[in-house]
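Every number in my numbering is 1117 more than the matching position in the sequence shown, counting from 1.
These notes are about the structure you will find just below.
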Amino acid sequence: FAVPVRREYANAVFLVTSGEYMAIYAANNILRGIRNFDGEARRRVAGIIYNQRNVADEDGRVQRFARAVGLPICAKVPRSNAFARAEEAKCTVMQLQGAEAEQQVFSQLAAGIGPNMPLYEARPLSDEELEEVVLGTAQAAAAGEAEAEAAAPEQTPTYICSTCTASSASQAAGAPGAPDPRPPANRLPLYGCAFNGAATVAVHLTDALVIAHSPKACAFYTWQTISSPGRKNLYNRGVLTPSAIVPHFECSNMGQAEAVFGGMELLENHVRRALGQGYSAIVVISSCVSGIIGDDVNRIAALGTPECPVIPIAADGDIAGDYMQGIRMCTETLARALVDPAAPPAPRSINIVGENSMASNVALNLQVLHQMLDPLDIRLNCRFLGDATVAEVRRLLAAPLNVMAADSADCRQLRAFLESEFNARFMDGALPVGFDATAAWLCQLGREFACEDAVERVVCAQQAAYDAWVARLRPVLAGKRVFLTTINCNIDWLLNAGRDVGMEWVYIGVANYLHQPVKISDTPERWPAVDNNYDWTQMTRRIRETAPDIVLSNYTATAAEGSYVVDAVPMSPVIGFQAALHLFDRWAELLQTKREGAWKNDRALFEAHWA
């Protein structure tokens, strides 16, 4: 029932049940799912349609359940062979001759359905309460009635009819002040469910276990999302990322029985087994199946210990939002659960916040960062949340300074959370990309940690290395015509380095659906004006007009005729002084293979980049 119950599809929900215990049990589970969707403030349940089966004490069971959950019985559909006769006649009961009594039930129900019918919040019972109310003694039933009368609205009707007292139509709207589920317009273009996004982040707690409370298929697809980039980086680039290739990721393996009747016992047993396996924390993430049926993963936190806390994340598949919302939910939940406000200070250290775990150059960026920090005697305290231990996350606040991994909407959102929740202090900007930005960033770091002289030595050494690298590339790249299309907004680093090696930029098109300002420090005459209205359908025509030697794009497929090298502009570029030169090395090699006959001897080039 997940799709029709979603807020954007259903304004009101009726529960259909007989007096059989398992039918009422299923109806109660549906109430749990609605409660998960709507919370406490929203009213969307119209009532119960009582479908008689003529079992013992059936009227009493349904009435006790209705009173206990504070819902009216909107219709009582009699046990009748009219339904079988209508089926045989290939018509509805409303079209059947001789079924006037049954037709009157549905007519009366239909008359009461409309924008002004009263709606109620979903107030499911616990399994124990349900058993007492439906199967228990008169005393238990009376207690349920008293509780329902205290909580239910006055004059709750037993049956809906066309003269029912109307409740405000505003009850069907969401609760005022409810969080907007829509992601920001300038978020990264990553898609998937919140369950998937949360799991992708949580596995970077290297000494924690992540348990997906889901069927095996959900966990399999999420495991593929996590491990596929890791395998690609290993096979194509020789970069080993253990948290992606062999994540500490398991599944509660919900089956059909758990999907109908609930899987909390299964999950609790799984968590209890894991507690004895030496992990520093256990993170439990719910999928849409467990969320819809009303499994409350938050109560699993009670199984945790000081040595191994159990941290529930009620992502409920895509109920909490999309992939990026899941990432946000996971990082904020882990911070609240683990970060120690009293962590002893680590004066000469920084934290990196908001690394893109899907990027292929995370390991290279970490290596470059250490090369910049080590000569300044500055230590990396915690990567929140790149690969980090639970202990490192606990001491997040020990570092006096935090740095965003990228200047993106999601990193800025995480920064705002840590500033407001923990009073964390951040440097301006993010990890630098390109020579000029890196030199300025290190100068700022030098002022923060009183090591300006060491910074000057680092910048001088890097300037010499940069100049030597540029001198090696100029004979191949000088004068080459470059065609650039991108959704990146920061292209300063690329243009400046291209200027240094003598390349000519013949077209710059930005498909800026991230709605961020394009970063270009200056505009020499040989740089064309930036086309901010570019779209991908123009590429073929533009390439014919400009006749480039190199075509750069975030997406490398092209259809235009011509002889040119095609390469991708990384969404997450390498940080540091030589950011662009890593790309330029590849272009130089590719351009040299274009010489007559050179393509026949490209095995070494192929193995360098793809083996």
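Every residue, glycine too, gets a C-beta built ideally from N, C-alpha and C.
As the structure is a computational prediction, the values presented were derived from the model and not from experiment.
Assignment of beta-bridge partners to alanine 1329 by DSSP yields Cys1368, Ile1402. Glutamate 1621 sits away from lysine 1636, with the two beta carbons spaced by 9 Å or more. Inter-residue distance for alanine 1437 and glycine 1309 is about 12 Å (C-alpha atoms, whole angstroms).
For methionine 1489, the uninterrupted alpha helix (DSSP H) run begins and ends at 1479-1490, by DSSP. Taking C-beta separations shorter than 8 Å and ignoring five residues to either side along the sequence, the partners of valine 1510 in its chain run Leu1322, Leu1451, Ala1452, Leu1455, Val1456, Cys1499, Phe1501, Leu1502, following chain order.
Nearest to methionine 1489 by C-alpha distance, out of Ala1505, Ala1239, Leu1559, is Leu1559. Around the beta-carbon of proline 1592, fewer than 16 other beta-carbon atoms lie within 10 Å, marking it exposed.
Non-local C-beta neighbours of leucine 1326 in its own chain, meaning closer than 6 Å and more than five positions away in sequence, comprise His1365, Ala1391, Tyr1396, Ile1399, ordered along the chain.
By the beta-carbon neighbour count (other beta carbons within 10 angstroms, threshold 16), asparagine 1145 is buried. Only residues of its own chain outside the window of five on either side were considered, and among them Gly1563 have a CB closer than 6 Å to the CB of glutamate 1569, listed in chain order. Scanning its chain for C-beta atoms nearer than 6 Å, with the 5 sequence neighbours on each side dropped, one finds around isoleucine 1604 the residues Ala1628, Asn1671, in chain order.
Here phenylalanine 1701 really is in contact with leucine 1594; their C-beta atoms are around 6 Å apart, less than 8 Å.
Histidine 1330 and methionine 1521 have their C-alpha atoms roughly 31 Å apart. About 6 Å separates the beta carbons of proline 1492 and alanine 1571, which is inside the 8 Å limit, making them a contact pair.
In this structure, Tyr1237 is the residue among Gly1619, Tyr1237, Ile1166 with its C-alpha nearest to the C-alpha of glycine 1156. Below 8 Å, too few C-beta pairs join the segment 1681-1688 and the segment 1646-1658 to call them touching: fewer than three. If you draw a 10 Å sphere on the C-beta of methionine 1211, you find fewer than 16 other C-beta atoms in it, and that means exposed. By the 16-neighbour rule on beta-carbons within 10 angstroms, valine 1172 is exposed.
With a contact defined as Cβ atoms closer than 8 Å, proline 1241 and arginine 1152 qualify at about 6 Å.
Taking 9 Å as the cut-off, the Cβ atoms of glutamine 1225 and alanine 1192 count as close. With respect to the C-alpha of valine 1130, the residue from Leu1148, Val1576, Gly1408 having the closest C-alpha is Leu1148. Apart from sequence neighbours up to five positions away, the residues of its chain that approach aspartate 1666 with a beta-carbon distance below 6 Å are Lys1597, Arg1598, Tyr1681, ordered along the chain. Rounded to the nearest angstrom, the Cβ distance from arginine 1196 to arginine 1170 is 6 Å, consistent with a contact under 8 Å. DSSP places leucine 1132 in the strand class (E or B) of the three-state scheme. Per DSSP, tyrosine 1167 is one residue of the beta strand (DSSP E) stretching across 1162-1168. One thing to note: threonine 1317 has its Cβ no nearer than 9 Å to the Cβ of threonine 1358. Among the bridge pairs identified by DSSP, glycine 1626 is matched with Thr1602, Asp1648.
With respect to glycine 1443, phenylalanine 1534 sits apart: the two C-beta atoms are not nearer than 9 Å.
By the Cβ-count criterion, alanine 1201 is exposed, with fewer than 16 other Cβ atoms from all chains shown falling within 10 Å of its own Cβ. For the set Ala1508, Ile1409, Val1401, the Cα lying nearest the Cα of glutamate 1424 is the one of Ala1508. Comparing alpha carbon positions, the residue from Leu1612, Gly1615, Ala1526, Glu1678 closest to glutamate 1472 is Ala1526. A Cβ-Cβ contact shorter than 9 Å links valine 1377 with alanine 1143. As the crow flies, the alpha-carbon of valine 1251 is around 15 Å from that of isoleucine 1165. Per DSSP, aspartate 1324 lies in no beta strand (DSSP E) and is assigned neither H nor E. Look at the segment 1175-1260 and you find these whole runs of beta strand (DSSP E), each 3 residues long or longer: 1190-1194. In the DSSP assignment, asparagine 1607 falls outside any beta strand (DSSP E), carrying neither H nor E.
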